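The structure appears below as structure tokens.
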Amino acid sequence: MRVSADNIRYNLNNLFQLVFEVTDMCNLRCKYCGYADLYEGYDERENLKFPFQRAKLIIDYLYSLWSKNQCENIAQPIIVGFYGGEPLLNVSFIQEVIAYIESLKPVGKVFRYNMTTNAILLDKYMDFLVEKKFNLLISLDGNKEGQGYRVDAAGYNSFDRVYSNVCLLRERYPEYFKEYVMFNL
């Protein structure tokens, strides 16, 4: 099947997920990571951050399509996903994107947010994530021993920090925790 401009326009009008690789930076040095030098021909991190102006161009283009009401399922929410690296290392980008989306005139679209995180910075940003009702997928390799491959830059196991942040989130926001937090074990 040949792809036409109409096919592309149709798919963009009916988009259900928009995902941004917020950054390739990470605050862990997982021993099995595909970005690690363990692998031949590994993809070296370049400490890049996705520029807000580029995201704005994408959002503006999609918004112009959605404003024409050519969407078949207008009630379907659009999931805006943020991943990385560790997306919370570029939280200002995430905040700008959400503020920009919320500043646009409604076009009958509902936006939901999700993020995959290692939870190292969760204590700093949990209030924002809860306020915006992020669906959080927290990466965890199990108990302290299992998490031993997920180490920080100094080589220390990240389990205690992650566990502490997860417990803090559960304690402060129990209803949010039950409804919006999942684990990738």
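Residue numbers for the sequence shown follow full-length UniProt numbering, beginning at 1 and rising by one. Glycine residues also receive a C-beta, built at the ideal position from the N, C-alpha and C atoms. Keep in mind the model is a prediction, meaning the values are calculated, not measured.
I'd like the ranges of any beta strand (DSSP E) spanning at least 3 consecutive residues and lying wholly in the UniProt domain "Radical SAM core" (21-175). 78-84, 111-117, 135-139
Are there 16 or more other CB atoms within 10 angstroms of the CB of residue 167, so buried, or fewer, so exposed? exposed
In angstroms with no decimal places, state the Cα-to-Cα distance between residue 111 and residue 18. 10 Å
How is the alpha helix (DSSP H) around residue 13 delimited, first residue to last? Looking at the DSSP string, the run of the alpha helix (DSSP H) that includes residue 13 is 5-13.
Measure the CB-CB distance between residue 27 and residue 152 and report whether it falls below 9 Å. yes
Range covered by the beta strand (DSSP E) that runs through residue 182: 181-184
With C-beta atoms as the reference, is residue 180 less than 9 Å away from residue 136? yes
Residue 54 to residue 147, Cα distance in whole Å? Inter-residue distance for residue 54 and residue 147 is about 36 Å (C-alpha atoms, whole angstroms).
Look at the Cβ atom of residue 86, then the Cβ atom of residue 182, and state whether they are nearer than 9 Å. no
Tell me which same chain residues have a C-beta within less than 7 Å of the C-beta of residue 59, skipping the five on either side of it? These residues qualify, in order along the chain: 100, 101.
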